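K.L.:
These protein sequence lines map, in sequence, to chains P and Z. For the working numbering, add 28 to where a residue sits in the first sequence, where the first one is 1. For the working numbering, add 28 to where a residue sits in the second sequence, where the first one is 1. Backbone N, C-alpha and C fix where the C-beta goes; we use that ideal spot for every residue, glycine too. If you're wondering where the values come from, they're calculated on a predicted model, not measured in any experiment.
Number of protein chains: 2
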Amino acid sequence: MSTSQSIVDNLMADPQTLADKVFSELTTAIVRGELKPGVRVSEQMLVQKYGGSRAPMREAIQKLEARHLVVRIPHAGARVVSLSLAELRDIYEVRVELESMACRLAAERMTDDEIAELQTLLNEHAASIEAEQGQSYYQKAGDLDLHYRLIRGSKNERLQQMLYGELYHLVRMYRYQTSTSTERPLQALQEHQRIVEAIAARDAELAELLMRRHIQTSLLNLERLMAEEEGQ
Amino acid sequence: MSTSQSIVDNLMADPQTLADKVFSELTTAIVRGELKPGVRVSEQMLVQKYGGSRAPMREAIQKLEARHLVVRIPHAGARVVSLSLAELRDIYEVRVELESMACRLAAERMTDDEIAELQTLLNEHAASIEAEQGQSYYQKAGDLDLHYRLIRGSKNERLQQMLYGELYHLVRMYRYQTSTSTERPLQALQEHQRIVEAIAARDAELAELLMRRHIQTSLLNLERLMAEEEGQ
DNA sequence: TTCTGTATTTTCGTATACAATATTAGCCTA
DNA sequence: TAGGCTAATATTGTATACGAAAATACAGAA
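See the structure below:
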């Protein structure tokens, strides 16, 4: 579990340029909900916050735009992206397809050692839930950790880029915002266990199916939470 | 057929800024192979070519990076992306999944009118091939046109963004470069016809399957062409 | 009070200048 | 002659300045 946080949070190992550093920090801020959807992100503001001049700030904002974390309008500036429920469904629809695909490929391509590591990871999660010490944050980190490993297991670089770089930030962003409540950790763990079992059995089709259902369930969950939040 | 070219080539309707204009032109240049893979794209060079100052050129290059059309290394500059066969396979693997998904959704979500337009389009293609007047460029444009319409038919904005913005430029780039030869237009047309038939019958599963095969065939074709070119 | 048109202010798009880094060419040495 | 080191060059990263566009505030009229 010691590596979970780094895998989840460290997205840019060594920012060689100021623009990259700002981009990296802004990304985490947005994903964590410290910068809320719809909030303006002006270049001047970033200069005051991070120092330096406008040029690198502008570049950072453009990088955020490329990852769909902000929306930029010519001459009008950038705002933190604000997704409608319909857009979130679109994202999940694509995510389901890509991640279940990744799962299928993982079942075909992961080495036996890598699969063994998955099982170890799940045991740790189980212990963590049993002891109820990890709390929801670590459980979520653990959840992400497994998903990341499976995606990596697809051995398809482009697929990994699309899932990490395009979709996951947005998904995480809305999960952070909605799920202050504990997010059915036990059920999720059991689903994970079944998925890993299928992979261990090299049953690609089943693994794909189970992952598809797993993510669809989490969408239903997210919709419920958003509806509740709306109702408040 | 009159709209084909605009759909295929016009990617930015009205570039409100110089950076966007340069980005737009560079994109077409790279996709058409006028800027070959591996070629350096320096800011100074763009200033000389398009006028203006470095700032907007820099921004254009960053936009290209976001679309994976150039690779940028800090302090070292940008080069037109050069894909290995393995990377191209990764891209196609993802494309197969996303586009067959789009096809499935199209079968479920397109209106009857939209489907009727597909059939009209195919008739035009058939006539064009019969007359052999269109030549390979128009046939390719027509091929793309159908794919674009199906993707739009998915009614999933994010899916469209990913296919257009992330994958298609790269796919087209390598198709332009390899396929000087006529690219099995008749066979492709027949495959298209079957796909549209399935959509008209609202048989989503079949439409998905046929599209999957269609793209896999085109990958095989591309690999053959690249191998031939390698051999020269 | 609410809407609209205008003026002010803010912010962005672009131009230019300087600093830091990587590339390249040339020289020296083995 | 080949390889490595050094200096010159070129290119990028950043800073600052100015013009243009949009957001905002305010005043006046309905």
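I need the DSSP call for G193 (chain Z), collapsed to helix, strand or coil.
P.N.:
As a working mapping, residue 193 (chain Z) is identified with position 165 in the second sequence. It is helical.
K.L.:
Output needed for M129 (chain P): all residues of its chain with C-beta closer than 8 Å, excluding positions within five of it in sequence on either side, in chain order.
P.N.:
Within the first sequence, numbered from 1, the residue matching residue 129 (chain P) stands at position 101. Only S182, L187, E236 meet the Cβ criterion.
K.L.:
In terms of DSSP beta bridges, what is V124 (chain P) paired with?
P.N.:
Position 96 of the first sequence, counted from the start, is the residue given in the question as residue 124 (chain P). Paired residue(s): none; V124 (chain P) is not in a bridge.
K.L.:
Name, going along the chain, the residues of the stretch 81-107 of chain P whose beta-carbon falls closer than 9 Å to a beta-carbon of chain Z.
P.N.:
So the list reads A83, R86, E87, Q90, K91, E93, A94, R95, H96, P102, H103, given in the order they occur along the chain.
K.L.:
If you count every other CB in all the chains shown that lies within 10 Å of the CB of E194 (chain Z), and 16 or more means buried, which is it?
P.N.:
Along the second sequence, read from residue 1 onward, the residue named residue 194 (chain Z) stands at position 166. So E194 (chain Z) counts as buried.
K.L.:
Taking a Cβ distance cut-off of 8 Å, strictly less, list which residues of the stretch 40-59 of chain P are near chain Z, in chain order.
P.N.:
Answer set for the stretch 40-59 of chain P: Q44, T45, D48.
K.L.:
How close, in whole Å, do the beta carbons of G66 (chain Z) and R107 (chain Z) come, if the pair is a contact with beta carbons under 8 Å?
P.N.:
Indexing the second sequence from 1 puts residue 66 (chain Z) at position 38. Indexing the second sequence from 1 puts residue 107 (chain Z) at position 79. That pair is a contact at about 6 Å.
K.L.:
What is the residue span of the alpha helix (DSSP H) that V224 (chain Z) lies within?
P.N.:
Locating residue 224 (chain Z) in the second sequence gives position 196, where the first residue counts as 1. That run of the alpha helix (DSSP H) goes 213-228.
K.L.:
Could you please give me the residues that DSSP links to A106 (chain P) through a beta bridge?
P.N.:
Locating residue 106 (chain P) in the first sequence gives position 78, counting from the first residue. DSSP lists P:V69, P:R100 as partners of A106 (chain P).
K.L.:
Between the stretch 179-194 of chain Z and chain P, which residues of the former have CB atoms less than 7 Å from a CB of the latter, in chain order?
P.N.:
Within the stretch 179-194 of chain Z, the residues whose Cβ lies closer than 7 Å to some Cβ of chain P are N184, E185, R186, L187, M190, E194, listed in chain order.
K.L.:
Cα separation between S32 (chain P) and K49 (chain P)?
P.N.:
Here residue 32 (chain P) corresponds to residue number 4 of the first sequence, with the count starting at 1. Here residue 49 (chain P) corresponds to residue number 21 of the first sequence, with the count starting at 1. Low local confidence applies: a pLDDT of 34 at S32 (chain P) is under 50, so the model's placement there is unreliable, with the coordinate-based value given in what follows. If I take the Cα positions, the gap works out to 21 Å.
K.L.:
Is the beta carbon of Q215 (chain Z) less than 8 Å from the beta carbon of L150 (chain Z)?
P.N.:
Within the second sequence, residue 215 (chain Z) is the residue found at index 187, counting from 1. Within the second sequence, residue 150 (chain Z) is the residue found at index 122, counting from 1. The answer is no: Cβ separation not under 8 Å.
K.L.:
If you drop the 5 nearest sequence neighbours on each side, which residues of the same chain put their C-beta closer than 7 Å to that of T208 (chain P)?
P.N.:
Position 180 of the first sequence, counted from the start, is the residue given in the question as residue 208 (chain P). With a pLDDT of 44 at T208 (chain P), under the threshold of 50, the modelled position of that residue is not reliable, and the figure given next carries that caveat. Result list for T208 (chain P): empty, nothing under 7 Å.
K.L.:
Express the C-alpha separation of A94 (chain Z) and K91 (chain P) in angstroms, rounding to a whole number.
P.N.:
What you label residue 91 (chain P) is simply residue 63 of the first sequence in a count that begins at 1. What you label residue 94 (chain Z) is simply residue 66 of the second sequence in a count that begins at 1. Roughly 8 Å separates the two Cα atoms.
K.L.:
With distances taken from CA atoms, which of P:K64, P:I143, P:A47, P:Q147 is nearest L111 (chain P)?
P.N.:
Numbered from 1 along the first sequence, position 83 holds the residue referred to as residue 111 (chain P). Of the candidates P:K64, P:I143, P:A47, P:Q147, the one whose C-alpha sits nearest the C-alpha of L111 (chain P) is P:K64.
K.L.:
Cβ closer than 9 Å: which chain P residues qualify as neighbours of V122 (chain Z)?
P.N.:
On the second sequence, position 94 is the one that residue 122 (chain Z) refers to. L126, M129, N184, R186, L187, M190, listed in chain order.
K.L.:
Under 8 Å between C-beta atoms, does I119 (chain Z) make it to chain P?
P.N.:
Taking the second sequence and counting its residues from 1, one reaches residue 119 (chain Z) at position 91. Interface residue, yes.
K.L.:
Give the DSSP-derived three-state secondary structure of D231 (chain Z) in the structure shown.
P.N.:
Indexing the second sequence from 1 puts residue 231 (chain Z) at position 203. D231 (chain Z) falls in the coil class under three-state DSSP.
K.L.:
Going by other Cβ atoms of all chains shown within 10 Å of its Cβ, with 16 needed for buried, is S246 (chain Z) buried or exposed?
P.N.:
Stepping through the second sequence from its first residue, residue 246 (chain Z) is reached at position 218. That one is buried.
K.L.:
Under a Cβ-count criterion, where at least 16 other Cβ atoms within 10 Å of its own Cβ denotes burial, should N178 (chain Z) be classed as buried or exposed?
P.N.:
Here residue 178 (chain Z) is taken as the residue at index 150 of the second sequence, counted from 1. The sequence shown places Leu at residue 178 (chain Z), not Asn. L178 (chain Z) should be labelled buried.
K.L.:
On the three-state DSSP scale, how would you describe M138 (chain P)?
P.N.:
Stepping through the first sequence from its first residue, residue 138 (chain P) is reached at position 110. In this structure, M138 (chain P) counts as coil in the three-state DSSP scheme.
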